[in-house]
Amino acid sequence: MTKATKVETMIWEGGVDGYLDLIDQTRLPNEMLRIECRDVETVWEAIKMLRVRGAPAIGIAAAYGVVVGLQTVPDEDEQFFARMDEVVNYLASSRPTAVNLFWALDRMQRQSASLRSELPVSEIREKLIDEAQAIHEEDRQMCHAIGDHGAGLLADVDGVLTHCNAGGLATAEYGTALSVFFTAQDRGHDLHVYVDETRPLLQGARLTAWELMQRGIATTLICDSMAAQVMREGRVQAVVTGADRIASNGDSANKIGTYSLAVLARAHGIPFYIAAPSSTFDLTIESGAQIPIEERNATEITHGFGRQTAPDGVQVYNPAFDVTPADYISAIITEQGIIRPVNEAKIKQVLGFA
Ligand code: MRU
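For the sequence shown, my numbering begins at 8 and goes up steadily by one.
Structure representation (structure tokens):
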């Protein structure tokens with residue numbers, strides 16, 4: 008690990024023998040450390056341990072992880088494509104919920120398969136770096152477009168609530184939910200953002216509050232359990248979060264606690280928005296019931312950040328995500344436009360699959 012000099016969440020350094028350099032987000036906000044991922048095991052571990060996290064960022068890291076994982080095999084067709092399958096399956100086992108991971112791996116695999124009969128392995132390697140960089144760059148553009156589409160929804164809003172981290176750290180740049188706030192700021196609209204700390208791993212407190220403060224946006228941190236009171240006091244007039252996987256009917260998985268925010272927003276007559284790129288939609292599944300929900304280690308709750316806060320041997324349930332039913336979502340902000348009302352027909356129309 009080296010002390011960081013750059014602030015990009017992820018950088019590909021070098022050519023076909025290069026490596027993925029990323030911010031270790033588990034160390035923020037206290038330390039800005041970067042990790043050099045020179046083998047696929049390091050990429051897998053970084054995704055699993057949330058050193059790189061957030062649906063789009065996981066997909067980008069996995070795409071570069073494929074390039075790194077193929078560096079260990081010679082330029083021989085059979086071995087190269089056998090290794091490709093191995094690397095893709097391995098990276099796919101890192102985290103189950105964010106569909107961007109599988110979307111990016113599928114894109115890398117299809118790109119290599121389409122070139123198999125046309126190019127030697129040495130050239131396919133270069134094309135795979137191009138593909139990973141295209142995924143990275145497209146995400147950057149999608150995030151900016153989400154901000155452009157979403158900022159207008161907050162025109163009459165002073166205070167807004169967000170959950171987890173859907174910012175630049177979770178994406179190539181600018182974020183999804185945070186892109187909406189950043190774009191509003193770019194247009195001269197000063198929002199006051201309330202940030203759920205986001206138990207148990209505190210992505211809101213550690214990452215979102217840090218990103219917003221770096222941008223000079225008015226930021227107030229609250230415990231997750233304070234959201235209802237903040238809404239009742241009229242401090243926020245909208246909720247905006249990201250998503251990890253959106254089903255055909257609009258049901259949306261996001262960080263645990265998002266569903267309760269949507270229910271609270273409905274109870275207080277406040278709009279609840281999701282901001283997500285098209286790479287977060289999984290149109291192979293009908294509803295949120297089919298979204299796999301990651302369960303994480305009990306120690307995240309019993310020994311958060313190294314201190315024991317629960318009795319030895321207590322039973323723990325630790326789902327990392329929940330699913331907000333489409334009916335509770337006022338609109339989904341995508342790079343292609345705003346999906347409202349949230350239903351299958353409108354999703355297909357806005358995403359261009361109608
Ligand atoms: O467990 P994490 O930190 O990867 O969860 C991240 C989230 O839930 C984000 O809100 C989501 O991935 C959208 S990021 C643009």
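All residues carry an ideal CB built from backbone N, CA and C; glycine is no exception.
In the DSSP output, which residue or residues are listed as bridge partners for residue i?
{"i": "Leu126", "result": "None, per the DSSP bridge assignment."}
{"i": "His199", "result": "Gly166, Ala225"}
{"i": "Ala282", "result": "Ile340"}
{"i": "Ile346", "result": "Ile339"}
{"i": "Val246", "result": "Leu168, Phe279"}
{"i": "Asn288", "result": "Residue identity differs from the one stated: residue 288 is Phe in this sequence, not Asn. Ile253, per the DSSP bridge assignment."}
With respect to 7 Å, is the separation between the Cβ of residue i and the closest non-hydrogen atom of ligand 1 below this value?
{"i": "Pro326", "result": "no"}
{"i": "Asp31", "result": "no"}
{"i": "Gly72", "result": "no"}
{"i": "Asp24", "result": "no"}
{"i": "Gly223", "result": "no"}
{"i": "His334", "result": "Correcting the residue type first, residue 334 is Asp in the shown sequence and not His. Because no heavy atom of ligand 1 lies under 7 Å away, the Cβ of Asp334 does not count as near it: no."}
{"i": "Pro127", "result": "no"}
{"i": "Arg60", "result": "yes"}
{"i": "Asp251", "result": "yes"}
{"i": "Lys55", "result": "no"}
{"i": "Asn261", "result": "yes"}
{"i": "Gln78", "result": "no"}
{"i": "Ala177", "result": "yes"}
{"i": "Thr306", "result": "no"}
{"i": "Thr190", "result": "no"}
{"i": "Asn172", "result": "yes"}
{"i": "Pro63", "result": "yes"}
{"i": "Gln210", "result": "yes"}
{"i": "Gly182", "result": "yes"}
{"i": "Ala105", "result": "yes"}
{"i": "Thr331", "result": "no"}
{"i": "Thr248", "result": "yes"}
Hey, could you find the ends of the alpha helix (DSSP H) residue i is sitting in?
{"i": "Gly76", "result": "62-76"}
{"i": "Met238", "result": "234-239"}
{"i": "Thr49", "result": "47-55"}
{"i": "Asn96", "result": "84-99"}
{"i": "Glu204", "result": "Glu204 -> no alpha helix (DSSP H), and no H or E assigned at all."}
{"i": "Ser267", "result": "265-274"}
{"i": "Leu185", "result": "184-193"}
{"i": "Glu293", "result": "From DSSP, Glu293 is part of no alpha helix (DSSP H); its letter is neither H nor E."}
{"i": "Thr104", "result": "Element bounds for Thr104: n/a, residue is neither H nor E."}
{"i": "Thr306", "result": "306-309"}
Helix, strand or coil for residue i per DSSP?
{"i": "Thr12", "result": "Low confidence applies to Thr12: its pLDDT is 38, below 50, so where it sits in the model is not reliable enough to give any reading."}
{"i": "Leu40", "result": "strand"}
{"i": "Glu138", "result": "helix"}
{"i": "Ser121", "result": "helix"}
{"i": "Gln148", "result": "helix"}
{"i": "Ile298", "result": "coil"}
{"i": "Glu20", "result": "strand"}
{"i": "Ala352", "result": "helix"}
{"i": "Glu218", "result": "helix"}
{"i": "Thr316", "result": "coil"}
{"i": "Gly211", "result": "helix"}
{"i": "Leu161", "result": "helix"}
{"i": "Pro109", "result": "Before going further, note that residue 109 is Phe rather than Pro in the sequence given. The answer is helix: DSSP assigns Phe109 an H, G or I state."}
{"i": "Ala177", "result": "helix"}
{"i": "Phe360", "result": "coil"}
{"i": "Arg58", "result": "coil"}
{"i": "Gln116", "result": "helix"}
{"i": "Arg303", "result": "coil"}
Just curious, the beta strand (DSSP E) that residue i is in, first and last residue?
{"i": "Phe328", "result": "328-331"}
{"i": "Leu27", "result": "26-30"}
{"i": "Ala254", "result": "252-254"}
{"i": "Ser259", "result": "259-262"}
Is the Cβ of residue i closer than 8 Å to any Cβ of chain D?
{"i": "Thr169", "result": "Of the protein chains in this structure there is only one, and it is not chain D."}
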